[in-house]
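Residue numbers (this note's numbering): 1 to 161.
Shown next, in the form of structure tokens:
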């Protein structure tokens, strides 16, 4: 599990560096206070920079601004949704439809305090502050398909990597 998470982190950081260099943010003297990125199966990389959400084709091209005043961290994307933590509350999992025009950000997983989440294949897995691990189809229409798959997990595991 740790090896997979490290690999995903390295890939994500590599993608982020590529996006920032390609967009002229790094290497041109312009610094961004904070940015994160996520690749999706729909041919785009999604990233936030200077409080706006952008997407750029994975094959290269011009970035498209999708949203102003976006404050998401730890982005993960599927072909239908962009998952993230709200920057002001890193325990609430949010998502944004990538297929609906003028989509609104919605909460996913209800009032659970999420410590960690990961998309693996067609599923979204997440751990709450009570040590419960859940699974849901990553492209589920809503959070009614969330299933508990384990409990008593070590809630300190992210700090022990």
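The beta-carbon is built from N, C-alpha and C at its ideal position, and this holds for glycine as well. Source: prediction; values computed, not measured.
Cβ-Cβ distances below 6 Å link residue 134 to 126, 146, 148 in the same chain, with the five nearest sequence neighbours on each side left out; the list follows chain order. Taking the Cα of residue 132 as reference, the smallest distance to any Cα among 140, 113, 98, 120 is reached at 113. For the 9 Å CB-CB criterion, residue 73 and residue 108 do not form a contact. Under the three-state reduction of DSSP, residue 122 is assigned to coil, being neither helix nor strand.
For residue 65, the enclosing beta strand (DSSP E) stretches over residues 64-68. For residue 72, the uninterrupted beta strand (DSSP E) run begins and ends at 72-77, by DSSP. DSSP, read as helix, strand or coil, puts residue 87 in coil. For residue 46, the closest alpha carbon among the candidates 59, 82, 71 is that of 82. Straight through space, the alpha carbons of residue 62 and residue 141 are spaced by roughly 30 Å. Residue 52: member of the beta strand (DSSP E) spanning 52-57, first to last residue.
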